[in-house]
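Number of protein chains: 2
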Amino acid sequence: MLEAMRWLPNEECLELLDQTRLPAEITYVKCCEYRDIVSAIKRLAVRGAPAIGTAAAYGLVMAARNISAKSKKEYSYQLRGAARELAATRPTAVNLSWALDRLLQKFDDADTDNHGELYGLLLEEAHAIYREDISGNRRMGNYGQGFIPQGGSVLTHCNAGALATAGYGTALGVIRAAREAGKNVSVYACETRPLLQGARLTALEMMQENIPVTLITDNMAGFLMAKGKVDLVIVGADRISANGDVANKIGTYGLAVMAKAHNIPFYVAAPVSTVDLKLASGDEIPIEERDHTEVTHHGGRLLAPAGVNVWNPAFDVTPHNLITAIITDKGVVWPPYKENLKKII
Amino acid sequence: MLEAMRWLPNEECLELLDQTRLPAEITYVKCCEYRDIVSAIKRLAVRGAPAIGTAAAYGLVMAARNISAKSKKEYSYQLRGAARELAATRPTAVNLSWALDRLLQKFDDADTDNHGELYGLLLEEAHAIYREDISGNRRMGNYGQGFIPQGGSVLTHCNAGALATAGYGTALGVIRAAREAGKNVSVYACETRPLLQGARLTALEMMQENIPVTLITDNMAGFLMAKGKVDLVIVGADRISANGDVANKIGTYGLAVMAKAHNIPFYVAAPVSTVDLKLASGDEIPIEERDHTEVTHHGGRLLAPAGVNVWNPAFDVTPHNLITAIITDKGVVWPPYKENLKKII
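Read top to bottom, the protein sequences are chains A and B.
This note's numbering puts the first residue of the first sequence at 1, with every later residue one more than the last.
This note's numbering puts the first residue of the second sequence at 346, with every later residue one more than the last.
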């Protein structure tokens, strides 16, 4: 299984798999300063809500290493400055601020102003986030795999796999767990325009594990469902509001509408770190809009008339009433989400 | 307005705009033998149901020119051989066989076996198809433009414009007619993977006429509708069965499902030559599946892992119950289509 990131203990740097180069090249980039992490998240070398949360945590560790401060207050000021920079890289996934807040809380709670000790505590917390993400994904897989029947065909969107997390994956973790439970599972991967994470990453992950995968363009999903080829849909999430509305990769909402029209169950798999109880509904989730060239260009080639106007939201919001259940690392949450989500946080 | 094709009377050849090179290059290819037309249709230099019907008619004219036969029976045998080859280029659009059948009928009805006269009759029939397509599209535009409100925002898919027809367009013809009627209209163009006819052709046609157009990836349509940005959807058609089911570019069905979920009217604009009363329902429409490399490659670059399995249907079928009305060159057809379609044929 490809790893999205690995900590190099001797160098105290994080190696990130450069996902923009997949599947053509498997290249790791070494990040030794927090601004390397800022830039890697911005340019999508690392992507996926849990993965950018974990990478940002390591980024804050790197920022801490370089702080020279006369007091804990001054240390805190500098640390929070770096945290704000890391948090500002991408607006939609809440895991980013969740991970950074965990480290800041650890820092605030620490009964020391020794730089070495503080650094050690922060590094240990980043490692904990990393480890818990993988173990959480395995539990999620275990909770969710029961929804996949023997011989089942799963449609998924974007990449919510090992590459989107510290390891194992959320939506693809559920598929992996079904396979480990001895089921034959096959996968339809929506290519996921504009950046083709389904084609480049999900197809790659499934092929590497010999899980049968068929690639489709995003606009084929409806016809595929109409032909009875999809038993269930499983996707990941970037942020879940208190009422169970889910922000996820653009196109998720359309799949949910079509799944409903075909009576196909639609599951979201995400760790509880993706749940943002501060937001009442999905209307409040900030949706990142990205550069027009993602749509108009591929590999430097222009695909459309020069100067065409483009709308390029990176995410959309799926309302809770279209979601059959939310599979988390703390168990499966059923509607009504407004009541049941807060029980597991 | 770019022309998909033009007949060169002195050379007796058809010039086709090579649509595979748009928008980067405006290149016309000269077809002087019917097999040039066969190859141009197969490689999508000319595409769009009415346009391939018209081009095939001219192709049959070229085949007739080269026939040397001792009897009308032998002429007919050779002509029908060429017609079968032209008809076999693409399976879904019925306009292809409709246009060829019109020429064969003209041939059968002709009370002559003089080669020059037969050739002249066939050429005149091809010209008639060409002229009627343009005038039919203008009537269709006139019938349909009333559905577009002042300041309306229209979502369309693929390219059902001047480039998909002899001229003016079907779905885009309705938009042009609304504009000519003095309305401000804006267009959202789904890029239409895998071959990007929306990005390459529809965006180009609209920009050339200063009709405001915004390009989106196919998977953004649902979110766009949820945000209230779409007043109506208009698409073309490749074949309409007797009950009003519509085969059109892959992705049309998903748009229709989503339009229904958002209470957005969904119109199909197509000439009556697209209606195939011989087929009871859309289940009987043959759906072309195209090469996997259309999905896995762009401009020779591999977008997905080598060897990935792909499903690549070029069309899907939208059931009649999702279609608000069918705008034809003989008037607007309302449900129940099974009764009302046959009234206008």
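All C-beta atoms, glycine included, are put in the ideal place defined by N, C-alpha and C.
Since the structure is predicted, the reported quantities are computational estimates derived from the model, not experimental observations.
Buried versus exposed call for residue i [16 or more other C-beta atoms within 10 Å across all chains shown]
i         : result
TRP334(A) : exposed
ILE690(B) : exposed
ILE668(B) : buried
ASN482(B) : buried
PRO539(B) : buried
TYR422(B) : exposed
PRO616(B) : buried
ARG47(A)  : buried
ALA509(B) : buried
GLU11(A)  : exposed
GLN150(A) : exposed
MET603(B) : buried
ALA625(B) : exposed
GLN553(B) : exposed
MET5(A)   : buried
PRO9(A)   : exposed
ALA306(A) : exposed
ILE327(A) : buried
GLN197(A) : buried
MET220(A) : buried
ARG388(B) : exposed
Cβ shell of residue i (< 6 Å), same chain only, five flanking positions each side left out
i         : result
GLY497(B) : VAL530 and ASP576
LEU500(B) : TYR533, VAL575 and VAL578
TYR420(B) : ILE412 and ALA414
TYR379(B) : GLY404, MET407, ALA408 and ALA427
LEU467(B) : VAL406, ALA409 and LEU448
THR214(A) : TYR188
Nonlocal neighbours in the same chain, by C-beta distance under 7 Å from residue i, ignoring five residues either side
i         : result
LEU367(B) : ARG545, LEU546 and LEU549
GLY161(A) : GLY169, LEU172, LEU201, THR202 and GLU205
ASN685(B) : VAL678 and TRP679
ARG635(B) : ASN657 and ALA659
Best match in the options for proximity to residue i [C-alpha to C-alpha]
i         : options                                       : result
ARG84(A)  : VAL94(A), ASN66(A), ALA269(A) and LEU100(A)   : LEU100(A)
PRO436(B) : GLU370(B), LYS675(B), ASP661(B) and ILE632(B) : ILE632(B)
ASP238(A) : ALA64(A), GLY282(A) and MET207(A)             : GLY282(A)
THR619(B) : THR434(B), ARG380(B), PRO354(B) and PRO395(B) : PRO395(B)
ILE115(A) : VAL94(A), ASN95(A), LYS70(A) and GLN150(A)    : The amino acid at residue 115(A) is misidentified as Ile; the sequence shows His. Ranking the options by Cα distance to HIS115(A), first place goes to LYS70(A).
ASN243(A) : GLN150(A), VAL310(A), ILE67(A) and ASN321(A)  : ASN321(A)
ASN312(A) : ARG80(A), LEU123(A) and THR192(A)             : THR192(A)
MET377(B) : GLU370(B), ARG410(B) and GLU348(B)            : First, the residue type needs correcting, since residue 377(B) is Cys and not Met in the sequence shown. Residue ARG410(B) is the option with its Cα nearest to CYS377(B).
ILE493(B) : ALA473(B), LEU431(B), ALA526(B) and THR641(B) : ALA526(B)
PRO352(B) : LYS528(B), ASP563(B), VAL374(B) and ASN564(B) : It should be noted that the sequence gives Trp, not Pro, for residue 352(B). For TRP352(B), the nearest C-alpha among the options comes from VAL374(B).
VAL555(B) : VAL308(A), ASP111(A), MET220(A) and LEU86(A)  : Here the sequence assigns Asn to residue 555(B), which means Val is not the residue at that position. Answer by Cα proximity: VAL308(A).
ILE129(A) : PRO212(A), GLY167(A) and ARG301(A)            : GLY167(A)
SER135(A) : HIS292(A), ASP329(A), ASP108(A) and ILE175(A) : ASP329(A)
ALA402(B) : PHE452(B), GLY645(B), ILE630(B) and GLY644(B) : PHE452(B)
Extent of the continuous alpha helix (DSSP H) run through residue i
i         : result
GLY465(B) : 460–489
THR638(B) : 638–641
TYR337(A) : 337–344
LEU600(B) : 597–606
LEU8(A)   : Note, LEU8(A): premise wrong, no alpha helix (DSSP H); beta strand (DSSP E) at 5–8.
GLY426(B) : 417–432
THR54(A)  : 49–65
ALA178(A) : 171–180
ALA511(B) : Looking at the DSSP string, ALA511(B) is not in any alpha helix (DSSP H), and its letter there is neither H nor E.
GLU205(A) : 203–208
Extent of the continuous beta strand (DSSP E) run through residue i
i         : result
LEU560(B) : 558–561
ASP590(B) : Counting along the chain, ASP590(B) falls outside any beta strand (DSSP E), and DSSP gives it neither H nor E.
VAL575(B) : Where VAL575(B) is concerned, there is no enclosing beta strand (DSSP E), given that its DSSP letter is neither H nor E.
LYS30(A)  : 28–31
ALA362(B) : The sequence given here has Leu at residue 362(B), not Ala. Run containing LEU362(B): 358–362, per the beta strand (DSSP E) assignment.
ASP661(B) : 660–663
LEU500(B) : 498–501
PHE611(B) : 611–614
VAL439(B) : Looking at the DSSP string, VAL439(B) is not in any beta strand (DSSP E), and its letter there is neither H nor E.
ALA40(A)  : Run containing ALA40(A): none in the beta strand (DSSP E); it sits in the alpha helix (DSSP H), 34–42.
ALA189(A) : 186–190
ALA670(B) : 670–673
Contacting residues, own chain, Cβ-Cβ under 8 Å from residue i (five flanking each side not counted)
i         : result
ILE52(A)  : ILE41, VAL46, THR89, ARG90, ALA93, ASN95 and LEU96
LYS342(A) : ALA242 and LEU277
Residue i CB to nearest heavy atom of the ligand ATP below 7 Å
i         : result
ASP276(A) : As far as ligands go, the structure on display features none, and thus does not contain the ligand ATP.
* Asked: Using 8 Å as the Cβ pair cut-off and three pairs as the minimum, do the region 591–599 of chain B and the region 222–231 of chain A touch?
  -> yes
* Below 8 Å, can you find three or more Cβ-Cβ pairs linking the region 651–664 of chain B to the region 580–597 of chain B? -> yes
* Asked: Does the region 363–378 of chain B come close enough to the region 476–490 of chain B to have 3 or more Cβ pairs within less than 8 Å?
  -> no
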